[in-house]
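In the numbering used here, the protein residues as written are 1 to 461. Here a beta-carbon is modelled for each residue, glycine too, at the ideal position from N, C-alpha and C. Structure record follows, encoded as structure tokens.
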Amino acid sequence: MNDEKQPLLTGPSIPIDNTESQVVELVTSPTGQSKDEKKTEYNPASERYLEHPTSNFDTLIHLLKGNIGTGILAMPDAFKNAGLFLGVIGTLFMGAICTHCMHILVLCSHELCVRNQRPAMSFAEVVEDAFAMGPIPLRKYAKNIRNIVNVFLVITQLGFCCVYFLFVATNLQDTMHFFRINMGVHSYLALLFPPMLALGMLKNLKYLTPVSLIAAIMTAWGLVITFYYILQDLPHTSTVRAFASWHQLPLYFGTAIYAFEGIGVVLPLENNMKTPQDFGGWTGVLNTGMVIVAALYTAIGFFGYLKYGNHVLGSITLNLPNEPLAQSVRAMMAIAIFLSYGLQFYVPMNIVWPFIKSKLTSEKALAYGEAITRFILISLTFIAAALIPNLSGIISLVGAFSSSALALIFPPIIEIITFWPDRLGKYDWKMWKDIAIIIFGITGFVFGTYASIENILSSHT
């Protein structure tokens, strides 16, 4: 399972200009049909040209790969900050809300595609078109809100890359201790920088596909062995807390939302399906995949915390015993995450580079600009990991600050604006449901970010 939301693409596979603001108008039918009749007839899925459409099973596998990675290994630490009972309830609740927000995004994307006679949209295009066609006072902010979403996407993905650096370094350090090689985590970060830089310099996704498959196999096998260890000799549930403390709860929120934030892969997956109508629905691909994800997160969080209690670390692999099989898990997971870095880095680079490219004029600048941009962004993730060598803290910070915005705050805002006022008035229960999710997301954003920063600072003193 590829990591964290291992990206497929940030937008649809069909060519859509992502660099210019779209002028959004309802298309008038040349045959005299009303706009509503035209919209009813238009089917975005039938207008997509897909060279290699994915089956339902392929999409399910990609969805699982896009959601299961370092986040799942941090779930026992999340349970430590919530407590055993609250961790179970909270994780299932968080999974349900995040899945619902994914459905919201797909629904709004389909609605806006119909209105604009377009076959597919990316996350940023959906939010831009929602504002551009929404209430008149909001239309002037369409371009700005698109840029804000892209900024959060970049921050989230670079945050994941930073976690990758730190995860590989800490697991490599722990593995080397087995061979009595003792170096600090910063030394391993420095050793990792050149190969991580090389992976980040790969421009073509086709070169990353084989390593992605290897990483997925290693991750799956590593999780199997991890479950083998944490299910042995489990203590009684009374040995751990059912509820931790209100002070720790924001840290749980940050880690949990970091793990569940797979919303960035949802539209690319749906856009590339052979039968996109099977993506949603109660028994659709999305619900099936997210039930599996939520079950795995809850299981490893529950049993990992029950097994190691308050001694659980930022990655459950670091708690495994000092023996060859356990060391092989650390090595496999470190290699898997290392190999996934290039694909994870593809998303922020795909957003940042077109913007920078549009500002360059000389041929020399264009020739070297992309390589320099890649070097700077990769260096930023390395520097952040070196400055904040706190795996659990940085996971919680990335989750609370950026993942909460993408997964919980933007989708309900998009739904309100897309369907206001004709299909989502102030007396509609969906309106208040969306407001409740927004408040929940903002609360987690504020308190989770504050608690994560406080946790990081306290670990440095």
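What residue range does the alpha helix (DSSP H) around GLU454 cover?
429-459
Cβ-Cβ separation, ALA256 to THR91 (assumed contact under 8 angstroms), whole Å
6 angstroms
Among PRO119, LEU73 and THR54, whose alpha-carbon lies nearest the alpha-carbon of TYR42?
PRO119
Could you check whether THR99 and ARG330 sit closer than 9 angstroms to each other, using their CB atoms as the reference points?
no
Helix, strand or coil: which one does DSSP assign to MET290?
helix
Contact check, VAL88 vs THR298, beta carbons under 9 angstroms:
yes
Keeping to the same chain, check which residues put their C-beta closer than 6 angstroms to that of ILE462; ignore five residues upstream and five downstream.
With the chain represented from 1 up to 461, any question about residue 462 goes unanswered, as that position is not in the structure.
Going by DSSP in three states, LYS38 sits in which element: helix, strand or coil?
Because the pLDDT of LYS38 is 48, which lies under 50, any placement of that residue in the model is unreliable, and the question is left without a value.
If you follow the alpha helix (DSSP H) that THR175 is in, where does it begin and where does it stop?
142-178
6 angstroms Cβ shell around LEU318 - same chain, five flanking residues per side excluded:
ASP174
Thinking C-beta only, is GLY448 closer than 9 angstroms to PRO250?
yes
Contained alpha helix (DSSP H) runs [length at least 4] in the segment 265-341, N- to C-terminal order
266-271 and 285-308
Rounded to the nearest angstrom, how far is the Cβ of ILE409 from that of ILE453, given a contact under 8 angstroms?
Not confirmed; about 19 angstroms, so no contact.
Using a 10 Å radius around the Cβ and a threshold of 16 neighbouring Cβ atoms, would you call ILE217 buried or exposed?
exposed
Under 8 angstroms Cβ to Cβ from GLY444, same chain only, skipping five residues before and after it: list those, please.
PRO250, PHE253, GLY254, ILE257, ALA400, SER404 and LEU408
Reduced DSSP secondary structure (H/G/I, E/B, other) of THR361:
coil
Who are the near neighbours of CYS149 in its chain, counting only those whose CB is closer than 7 angstroms to its CB and skipping five residues on each side?
Checking the sequence shown, residue 149 turns out to be Val, not Cys. The answer, listed in chain order, is PHE123, ALA124, VAL127 and PHE410.
With three or more beta-carbon pairs closer than 8 angstroms as the criterion, would you say the segment 348-356 touches the segment 412-432?
no
Under the DSSP definition of a beta bridge, which residues are partnered with THR237?
Note: THR237 sits in no beta bridge, so no partner.
Just the C-alpha distance for VAL312 and TYR305, rounded to the nearest angstrom, thanks.
6 angstroms
For SER458, does the count of other Cβ atoms within 10 angstroms reach 16, so buried, or fall short, so exposed?
exposed
Sequence-distant residues of its chain with Cβ nearer than 8 angstroms to LEU234 (five each side left out)
PHE303, LEU306 and LYS307
Within the continuous alpha helix (DSSP H) that includes LYS206, where are the two ends?
Looking at the DSSP string, LYS206 is not in any alpha helix (DSSP H), and its letter there is neither H nor E.
What is the residue span of the alpha helix (DSSP H) that LEU199 lies within?
185-200
Can at least three beta-carbon pairs, one atom from the segment 373-392 and one from the segment 190-198, be found at a separation below 8 angstroms?
yes
Work out the CA separation of VAL398 and ILE442 for me, nearest whole Å.
14 angstroms
Enclosing alpha helix (DSSP H) for LEU251 [first to last residue]
249-260
Could you spell out the range, first to last residue, of the alpha helix (DSSP H) harbouring ASN116?
84-116
For LEU166, which residues of its own chain have a beta-carbon under 6 angstroms away from its beta-carbon, when the five flanking residues on both sides are left out?
ALA385 and LEU391
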